[in-house]
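Asks: After the structure tokens below, expect a handful of questions from me.
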Amino acid sequence: MTRYAVIGDPISHSKSPLIHSLFAEQTGEKVEYEKIRVTESELADFVRDFFAAGGGGLNVTLPHKEIAFALAEHASDRARLAKAANTLWVGENQILSADNTDGAGLVRDLKHNLGVTIQDRSVLVIGAGGSARGILPSIIGEKPEKITILNRTQSRAQQIQLEYSSLFPLDTGPLDISPAIGFDIVINATSSSIAGELPPLQPAIISAGCSCYDLMYSDHPTPFMQWAVNHGAELVVDGLGMLVEQAAESFLIWRGVRPDTQCVIAALR
Ligand code: NDP
């Protein structure tokens with residue numbers, strides 16, 4: 718058995734051990750996966766000791782993704798753009814390597830599971846935190862027509878706009894913009910749903926046929942999902958599919974096998 722874990726603080730809520738145990742069962746890979754609470758001050762030592770003891774890989778969740786990226790000696794392009802990592806492993810020449818699979822997970826859920834095309838569509842990302850940074854490289858890779866980022870603290874959206882300026886011309890604005898034409902895809906990448914809150918969004922952001930995606934997942938529709946349904950969005954979903962898909966990307970990096978995700982998403986639902 719090779720040992721894997723997800724680390725974060727808090728971590729008790731994590732569904733990753735269940736997801737990876739279903740992947741291991743399905744693929745026959747000899748994987749043991751647990752969740753471990755690791756505080757910020759413990760992180761660097763924990764990562765070093767985990768891999769020194771033969772650990773196969775780590776998933777990293779809130780609030781450690783930026784520090785995990787900084788600890789790595791090699792990072793994928795998408796992790797470098799995001800400045801955050803959710804997947805660590807020891808690669809060639811014993812180098813601590815990092816990737817960020819959040820964006821690939823979101824795009825795969827949208828395209829493969831939900832049938833949503835991103836190419837040539839207008840995309841609105843609400844939020845400019847770690848997950849917004851993590852998903853942008855993969856969204857840009859799908860060649861959308863345009864991407865707009867709205868955030869409560871506008872300077873954070875403007876900072877992302879600046880960092881991505883050579884890659885894609887991002888628009889930014891406040892949360893309550895009321896555009897003449899709505900967006901094809903609206904992604905809530907804020908943490909507002911965790912607190913049961915809804916950003917001050919205007920119904921005009923929703924086009925006819927709009928797909929609305931809340932990165933947060935929950936047993937019940939989130940406030941953003943309820944709002945999107947009430948304002949006529951055609952497709953409204955939470956981030957459970959993304960959670961499973963980003964886990965599958967990590968599993969592929971570590972084990973070289975892509976598990977089937979549809980049955981795992983169905984089992985979790
Ligand atoms: P961060 O803390 O990095 O960023 C939080 C963002 O939310 C900021 O843009 C912040 O705005 C904004 N925000 C917080 N509260 C409010 C509010 N009440 N109204 C408006 N804006 C608000 O968090 P993450 O980006 O890491 O996570 C965001 C969400 O994504 C979480 O719900 C998380 O669970 C989910 N997630 C889901 C994943 C999945 O696999 N499904 C993977 C990763 C994340 P400001 O800058 O002004 O503070």
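Each position in the sequence shown, counted from 1, maps to that position plus 717 in the working numbering. Backbone N, C-alpha and C fix where the C-beta goes; we use that ideal spot for every residue, glycine too.
Tell me the DSSP secondary structure of F885 in three-state form.
Replies: Here F885 carries a coil assignment [DSSP, helix/strand/coil].
Asks: Cβ of L960 within 9 Å of Cβ of S733?
Replies: For L960 and S733, yes; Cβs fall inside 9 Å.
Asks: Within 10 angstroms of the Cβ of Q878, are there 16 or more other Cβ atoms? Answer buried if so, exposed if not.
Replies: buried
Asks: Am I right that L887 and I902 are in contact with their C-beta atoms under 8 Å? What's the rounded C-beta distance?
Replies: With 8 Å as the limit, L887 and I902 do not qualify as a contact, their Cβ atoms being about 15 Å apart.
Asks: Among A789, A799, G822, D931, which residue has its Cα nearest to the Cα of G808?
Replies: Per the Cα distances, A789.
Asks: Give a yes or no on whether the C-beta atoms belonging to A906 and A945 are separated by under 9 Å.
Replies: no
Asks: Using the Cα positions of I1008 and F885, report the straight-line distance between them to the nearest angstrom.
Replies: Nothing about residue 1008 can be read from this structure; the chain reaches only from 718 to 986.
Asks: Between which residues of its own chain and I753 is the CB-CB distance below 6 Å, once the five residues before and five after are set aside?
Replies: Apart from sequence neighbours up to five positions away, the residues of its chain that approach I753 with a beta-carbon distance below 6 Å are A722, I724, ordered along the chain.
Asks: Going by DSSP in three states, V755 sits in which element: helix, strand or coil?
Replies: Coil at V755, not helix or strand.
Asks: Tell me which residues share the same chain as V974 and place their Cβ nearer than 8 Å to its Cβ, disregarding the 5 neighbours each side in the sequence.
Replies: For V974, where only same-chain residues beyond five positions count, the Cβ hits under 8 Å are T744, E746, F968.
Asks: Can you tell me which residues form a DSSP beta bridge with W806?
Replies: DSSP lists S814 as partners of W806.
Asks: Go to S793, then tell me how far its alpha helix (DSSP H) extends in each direction, as first and last residue.
Replies: Segment: none, S793 is in no alpha helix (DSSP H) and carries neither H nor E.
Asks: CB of Q919 to nearest heavy atom of the ligand NDP: below 8 Å?
Replies: Every heavy atom of the ligand NDP is 8 Å or more from the Cβ of Q919, so no.
Asks: Please classify K828: does DSSP put it in a helix, a strand, or coil?
Replies: helix
Asks: Suppose the cutoff is 8 Å on Cβ atoms and the five residues either side in sequence are ignored; what does the same chain contact list for I923 look like?
Replies: G899, F900, V903, C929, A945, H948, G949, A950
Asks: By DSSP, does K747 sit in helix, in strand, or in coil?
Replies: coil
Asks: Using C-beta distances below 6 Å, list every residue in its chain close to A815, excluding the 5 sequence neighbours before and after it, in chain order.
Replies: Scanning its chain for C-beta atoms nearer than 6 Å, with the 5 sequence neighbours on each side dropped, one finds around A815 the residues F786, A789, A792, A796, A802, L805, in chain order.
Asks: Could you tell me the distance, in whole angstroms, from the CA atom of P938 to the CA atom of V953?
Replies: 9 Å
Asks: Tell me the rounded alpha-carbon separation between A799 and T818.
Replies: 10 Å
Asks: How is the alpha helix (DSSP H) around D766 delimited, first residue to last?
Replies: 760 to 769
Asks: Could you tell me whether the Cβ atoms of K860 and S839 are closer together than 9 Å?
Replies: No, the pair does not count as a contact, with Cβ atoms beyond the cut-off.
Asks: Please name the residue, chosen from A874, D936, T870, V833, that lies closest to L853 on a Cα-to-Cα basis.
Replies: A874
Asks: Just checking my contact of S895 with A921 at CB under 8 Å: how many whole Å lie between their CB atoms?
Replies: About 4 Å separates the two Cβ atoms, so the contact holds.
Asks: Could you have a look at V903 and say whether DSSP puts it in helix, strand or coil?
Replies: In the three-state reduction of the DSSP assignment, V903 falls in the strand class.
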